[in-house]
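**Q**
Protein chains: 4
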Amino acid sequence: MAVRAAVAGASGYAGGEILRLLAGHPEIEIGTLTGNSNAGERLGTLQPHLAPLAGRVLEETTTAALRGHDVVFLALPHGRSAAVAEELGDDVLVVDCGADFRLTDTAAWERFYDTPHAGSWPYGLPELPGARAALRGTRRIAVPGCYPTAVSLALFPAYAAALVEPEAVVVAASGTSGAGKAAKPHLLGSEVMGSMSPYGVGGTHRHTPEIAQNLSAAAGTPVTVSFTPTLAPMPRGILATCTARARPGTTAEAVRATYEEAFRDEPFVTLLPEGRWPATAAVYGSNAALLQVAYDEAAARVVVVAAIDNLTKGTAGGAVQSMNIALGLPEELGLPTIGVAP
Amino acid sequence: MAVRAAVAGASGYAGGEILRLLAGHPEIEIGTLTGNSNAGERLGTLQPHLAPLAGRVLEETTTAALRGHDVVFLALPHGRSAAVAEELGDDVLVVDCGADFRLTDTAAWERFYDTPHAGSWPYGLPELPGARAALRGTRRIAVPGCYPTAVSLALFPAYAAALVEPEAVVVAASGTSGAGKAAKPHLLGSEVMGSMSPYGVGGTHRHTPEIAQNLSAAAGTPVTVSFTPTLAPMPRGILATCTARARPGTTAEAVRATYEEAFRDEPFVTLLPEGRWPATAAVYGSNAALLQVAYDEAAARVVVVAAIDNLTKGTAGGAVQSMNIALGLPEELGLPTIGVAP
Amino acid sequence: MAVRAAVAGASGYAGGEILRLLAGHPEIEIGTLTGNSNAGERLGTLQPHLAPLAGRVLEETTTAALRGHDVVFLALPHGRSAAVAEELGDDVLVVDCGADFRLTDTAAWERFYDTPHAGSWPYGLPELPGARAALRGTRRIAVPGCYPTAVSLALFPAYAAALVEPEAVVVAASGTSGAGKAAKPHLLGSEVMGSMSPYGVGGTHRHTPEIAQNLSAAAGTPVTVSFTPTLAPMPRGILATCTARARPGTTAEAVRATYEEAFRDEPFVTLLPEGRWPATAAVYGSNAALLQVAYDEAAARVVVVAAIDNLTKGTAGGAVQSMNIALGLPEELGLPTIGVAP
Amino acid sequence: MAVRAAVAGASGYAGGEILRLLAGHPEIEIGTLTGNSNAGERLGTLQPHLAPLAGRVLEETTTAALRGHDVVFLALPHGRSAAVAEELGDDVLVVDCGADFRLTDTAAWERFYDTPHAGSWPYGLPELPGARAALRGTRRIAVPGCYPTAVSLALFPAYAAALVEPEAVVVAASGTSGAGKAAKPHLLGSEVMGSMSPYGVGGTHRHTPEIAQNLSAAAGTPVTVSFTPTLAPMPRGILATCTARARPGTTAEAVRATYEEAFRDEPFVTLLPEGRWPATAAVYGSNAALLQVAYDEAAARVVVVAAIDNLTKGTAGGAVQSMNIALGLPEELGLPTIGVAP
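Below you can see the structure in the form of structure tokens.
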């Protein structure tokens, strides 16, 4: 019997990607779709790529509309998930793609967000140590941010193995879909094509504490993160360049061995053969993450580069992967591992 | 029992896309992969997006390597398919993505190609009148060119219904993957990003006679085609703007009704609701074709715009769709109808 | 003594390009800059590429602010230019980049615009027959639309020489800056990158009557135009593919000779050597237009492809070129003929 | 009397950009152009954007061809400049855009290059401490690499003022023109559009020792550099994100004040107002560098982001700027400070 899933926020980029994946998921039946300002419109108008769902009409995002499903995906602005989840009750699996339940530390939340801290839910990055156990059977999932997904995959093994010092430096390039579908002048095609620019520099981006939380957990000690996100002229993709000073005694061999070990059995993470570096194009539309590591002896730093699709592994794919675990389904079900390239 | 498929030319863009689709096809088992200059290399090096096939090694393109499969896809330079097909014999389904067997008219072939005319095979554009009947049970398929796929879908209904005069004017924009993976200076990213340019202007492009053949067949009378292809700054996609003078008596209503009727039951072709126009992004990686029609009363012309993915519906998807028909499988099996967008 | 120029609408793309050119014009002193919703802001915030003007502050668009200049460039929404021009009086050269004074035919205006027809001014496409004479000494200039600039340059010689039938078919690709700087969802980078799409199909685009007016004037007989504009994934550039049926007796040689003759002495229009086709990248930021012609014997059609920068030759460059003529300055003054490539 | 300039390597991207600038330089007369495999071809075929020079024909790169000029720009593969310079003699100003004479340290050269170390020439980054004095009157200029230009501008003030620790971490995104015009598969438009990828990771890129040399000179102590270059889907531009750990006592105010002071009188470098971050689009085709700084208190790091056009300020513009100084011309002569945007 199919699992019935609703999607709140189906008109946005995250919602559209969730639907793209659910439409190909053999155990899912797509139920109610909601959208805020777009209630009453056909999905075909809003998401023309979702051809088989073109005739679906969006409803208002209300608890009534979302009731009666086994799974509810929330792709809403932050600050709204707690109320929806409470009203839906504990029998429904709520998969929150927003930020509300990602941070465990209230002080960290309050430094970066203007709403009260809602608490924390099992974290939907199954590859992190202990994450799968927390996800199994849960009815609440906090899907990670797209940058934290890429950066945490890239650096947690180095921290778990104590290869590097607790000061990470991360510069990541993101496709424009990461900024959402709201029309803002600086996101116009005329502005972004042919241009790279940073934003949220100097520790001000909201994904900073989430990255620090994940790396600190892996390290067992507080890790600071210098994080600079940049906007790249592409619709999708994150390329995260992550470095940290090597601790004394760290060798290139130890780094390689640690990463091979960390991802040996992971279905969605590939440590590339030596000499090959990841490109975001190779994971376009795929739930895969591609990684490569280097040890820069002259600079005494470990460098890890990760490529993901911000909307797939970075949002909707991670959400579905975590849902699969929560529901006891095979973790890989319905998730593409082949990118659309070139 | 799975159908075993080999792909000759697996290192190129067409071959890569065939593999992307076959890897998701529930009835196919991927067998031998061959490549010319790349024999001996891992597929992971050549097609990093095909993660699950990364360990496969390319063989030389020989008949011996291709034997023992139920289906052989040929993605080879023109002039080579006839010999391979003959050696493989009549029991093997040969799906030729090259030009060799597309044209029925030897004189037309000889005006555009420098090799002898090899003949013609059942034509792999199932939506054309009579095409499915010819494909059913066949062991030879000539997959259409990418432009002819888009243009023929756009204009055959108008010609079949005698709505327009037999002089078509077509201007089509293609993503750069249509030009293949061979490194040529004018295809460098530095040259194509931010730039549009025409090529093969004035009736010199090799897809011209193929388009004329399809439209003439639909019209039952010779149709001439003024075809101008242009190179667009995007990896994939064809947007074909197709116009012809309306015949006396043609009305906007007749045009709309004709197109609604033509595609009502087609699984891969969508005539969009009035007022919506197709964008290539909506069919990125999908086997769908999106169409819209207009009747320009002042200019007395019918205008049809079609969007396809040149590598999917325009090549590999059309090939797999036709294969499904030839093998008696459900026509839609293994073929995505959702694009990867944004 | 320098010519003082004001720019109304300096925060938009047309206004920014006018400023880029005026800043390099040896006879111009840039005076007042105005902007609607941006009055009071620094130009450096709105147009960060105009580094030397970063400290300028925009004023409200009022006649008072615009008075006291020798030249006033208007880059305003249509319907507003007539009032501004009247208040500025006959001593000021008013260069209107909007549509208000482009069309001579009131009926044509009323079919495409919702404001009363304001009349017509000397038309700022100096290369058209008779245009320079009308521009010399004028105090009013109607700058052509970007598409009409490209298409009229491409086709007027064929019509003036009666080489083709009076039914033109034009498909043109435009960079996104042609759609302006207002933030609309379909113009987001996420939507336009990697995508081609048509708009204003079927004779509904407002540039259609302007193109028809120019070609009809050249032909001395009414010319109908089937015009399909498309949005291309690039910030700038127009590639216009323009075709018309050859009249009996037209030869490839006659076509070539006509175009060579038409542009022999034009400083900004280059008919490329045979075998070379224009790319928009080659005119990025330049006031040059690149053209090539072909005669398709099988289809009996003349094909002309023109590449311009929509913001330079297609708007601001054409405006400055026309201003130079009006003021009696050398026509080429301050206008780049080298593109920024690659 | 005009300064006569020759360009060796005029068919490549660096050579083309040098010509674009020289064509607009009021004191320069463009003399001989040479190209290796393209000798005998018209420049119009190779560099269609350089319309006014279209008729020029490339000669072989020989000393004989280059003699008789006041200035010779070399845009050649490394290892060839020393011989050419010696044969041209000491009266000719030789501006070498290659790597041969950039490094002062032979051991550093030998770790990264396979040819013998040729020595070092005055370094063409006038903004560095002491650089202008060395350039004035010189007859030999080593033009910096594009990455070292961006990174050195971004970090030298912090090192000169001892604000940061001697371990810099740099991640920079470059447009594809930085990889040159040679046709390589991974540089095809189909591969680079929509994709970000790193290369030369782990301290292996040849610009690493050049960056270290400049920062070490500013610091007066050896500085190590962890440098990761990435390829971005745009033709031009470098966005360099540069960070280093703050030394004890460093404050946000001190950082800001240091950078304001460092660039107060620089004609080509702009420290943006607080809150504004640089985008590469704003310097497209311009010799300007845009910078912004941040002090990340939580991570205790200074972050500086610089945007330049890799071909202009990063190569040809820096070359012409340095030439101006060497010849005693005004430093800004012929150099655009306005970008072509959007």
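Chains as they are written, first to last, in this note's numbering: chain A, 4 to 345; chain B, 4 to 345; chain C, 4 to 345; chain D, 4 to 345. Here a beta-carbon is modelled for each residue, glycine too, at the ideal position from N, C-alpha and C. Every value quoted in this text rests on a predicted model; they were computed, and no experiment measured them.
Can you check whether the CB of A54 (chain A) is closer than 8 Å to the CB of T3 (chain B)?
**A** Within the shown structure, residues of chain B are numbered from 4 to 345, placing residue 3 (chain B) beyond reach of any answer.
**Q** Would you mind working out which of D:A42, D:G127, D:V173, D:T211 sits nearest A68 (chain D), comparing C-alpha positions?
**A** The candidate whose alpha carbon is nearest that of A68 (chain D) is D:A42.
**Q** I need the straight-line Cα distance from M326 (chain D) to I144 (chain D), nearest angstrom please.
**A** Between M326 (chain D) and I144 (chain D), the C-alpha separation is close to 8 Å.
**Q** Which residue comes first and which comes last in the alpha helix (DSSP H) that contains Y262 (chain A)?
**A** Counting along the chain, the alpha helix (DSSP H) containing Y262 (chain A) begins and ends at 255 to 266.
**Q** Roughly how many angstroms separate the alpha carbons of G18 (chain D) and P236 (chain D), rounded to a whole number?
**A** C-alpha separation (whole angstroms): 22 Å.
**Q** When you compare the CB of L25 (chain C) with every CB in chain B, is at least one pair closer than 8 Å?
**A** No, L25 (chain C) does not count as interfacial toward chain B.
**Q** Are N313 (chain D) and R239 (chain D) closer than 8 Å when you measure CB to CB?
**A** Yes, the Cβ-Cβ distance between N313 (chain D) and R239 (chain D) is below 8 Å.
**Q** Taking only runs that begin and end inside the segment 169 to 249 of chain D, name each unbroken beta strand (DSSP E) of 3 or more residues, in chain order.
**A** Those beta strand (DSSP E) runs which fall completely within the segment 169 to 249 of chain D and span 3+ residues are 227 to 234, 241 to 249.
**Q** What would DSSP say about Q295 (chain D), mapped onto helix, strand or coil?
**A** Q295 (chain D) falls in the strand class under three-state DSSP.
**Q** Buried or exposed, going by whether 16 or more other CB atoms sit within 10 Å of the CB of G71 (chain B)?
**A** Result: exposed.
**Q** Could you compute how far the alpha carbon of A386 (chain A) sits from the alpha carbon of P345 (chain A)?
**A** Outside the displayed range of chain A (4 to 345) lies residue 386 (chain A), so it cannot be described from this structure.
**Q** Which residues in chain A have a C-beta closer than 7 Å to the C-beta of S180 (chain C)? List them in chain order.
**A** S193, listed in chain order.
**Q** Determine the direct distance from the alpha carbon of P160 (chain D) to that of R209 (chain A), and round the result to whole angstroms.
**A** If you take the alpha carbons of R209 (chain A) and P160 (chain D), they lie about 29 Å apart.
**Q** Would a C-beta distance cut-off of 8 Å place V174 (chain D) and V174 (chain A) closer than the cut-off?
**A** Yes, Cβ-Cβ distance for V174 (chain D) and V174 (chain A) is below 8 Å.
**Q** For chain A, find out if any of its Cβ atoms is closer than 8 Å to the Cβ of K316 (chain C); answer yes or no.
**A** Closer than 8 Å: no.
**Q** Roughly how many angstroms separate the alpha carbons of C245 (chain A) and S155 (chain A), rounded to a whole number?
**A** Between C245 (chain A) and S155 (chain A), the C-alpha separation is close to 9 Å.
**Q** Nearest chain C C-beta to T152 (chain D) closer than 8 Å, yes or no?
**A** So no, T152 (chain D) is outside the interface.
**Q** Within 10 angstroms of its Cβ, does S40 (chain C) collect 16 or more other Cβ (buried), or is it exposed?
**A** Exposed, since its Cβ has fewer than 16 Cβ neighbours within 10 Å.
**Q** Out of curiosity, what's the CA-to-CA distance linking A57 (chain C) and I21 (chain D)?
**A** Approximately 27 Å, taken between the alpha carbons.
**Q** Could you check how far apart the C-beta atoms of Y126 (chain C) and A134 (chain C) are, in whole angstroms? I think they sit under 8 Å.
**A** Indeed they touch by this definition, with Cβ atoms about 6 Å apart.
**Q** What are the residues of the segment 301 to 313 of chain A that lie near chain D, defined by any Cβ-Cβ distance shorter than 7 Å?
**A** Flagged, chain order: A301, A302, R304, V306, V308.
**Q** Can you find a C-beta in chain B that's less than 8 Å from the C-beta of A255 (chain A)?
**A** Judged by the 8 Å Cβ criterion, A255 (chain A) is not in contact with chain B.
**Q** Span of the alpha helix (DSSP H) holding A86 (chain B)?
**A** Unbroken alpha helix (DSSP H) run through A86 (chain B): 84 to 91.
**Q** Run the CB neighbour count on T35 (chain C), radius 10 Å, all protein chains shown included, and call it buried at 16 or more, exposed below.
**A** With 16 or more Cβ atoms within 10 Å of its Cβ, T35 (chain C) is classed as buried.
**Q** How many whole angstroms separate the CB atoms of V75 (chain A) and L49 (chain A), which I take to be in contact at a CB cut-off of 8 Å?
**A** About 19 Å separates the two Cβ atoms, so there is no contact after all.
**Q** Find the residues of chain A that neighbour L190 (chain C), judging by a C-beta separation of less than 7 Å, and give them in chain order.
**A** Near L190 (chain C) (Cβ distances below 7 Å), the residues of chain A are L191, G192.
**Q** So which residues on chain A does Y202 (chain C) lean against when the C-beta distance must stay under 7 Å?
**A** By Cβ distance, chain A contributes nothing, its closest Cβ being about 14 Å from Y202 (chain C), past 7 Å.
**Q** Given 7 Å as the limit, tell me if T109 (chain C) has its C-beta closer than that to any heavy atom belonging to the ligand PLP.
**A** Among the components of this structure there are no ligands whatsoever, and the ligand PLP is therefore not found.
**Q** Would you say Y298 (chain C) reaches chain B, if we count a Cβ-Cβ gap shorter than 8 Å as a contact?
**A** Cβ-Cβ to chain B under 8 Å: yes for Y298 (chain C).
**Q** Can you tell which of C:Y298, C:V308, C:Y287, C:A176 has the C-alpha that lies nearest to the C-alpha of T231 (chain C)?
**A** Taking only the C-alpha atoms, the option nearest T231 (chain C) is C:A176.
**Q** Looking at C-beta atoms only, is the number of pairs between the segment 203 to 218 of chain C and the segment 291 to 298 of chain B that lie closer than 8 Å three or more?
**A** Touching, per the Cβ criterion.
**Q** Within a Cβ cutoff of 7 Å, which residues of the same chain sit near T318 (chain B), ignoring the five residues on either side of it in sequence?
**A** Excluding positions up to five away in sequence, the list reads A17, E20, C100, V146, C149.
**Q** Where does the unbroken alpha helix (DSSP H) through G18 (chain A) begin, and where does it stop?
**A** Residues 16 to 26.
**Q** Put E62 (chain D) into one of helix, strand or coil per three-state DSSP.
**A** It is a strand residue.
**Q** Give me the Cα-Cα distance between K187 (chain A) and A310 (chain B), rounded to the nearest whole angstrom.
**A** One C-alpha to the other measures close to 27 Å.
**Q** If we ignore side chains and look at the alpha-carbon of each, how far apart do S84 (chain B) and R142 (chain B) end up?
**A** If you take the alpha carbons of S84 (chain B) and R142 (chain B), they lie about 14 Å apart.
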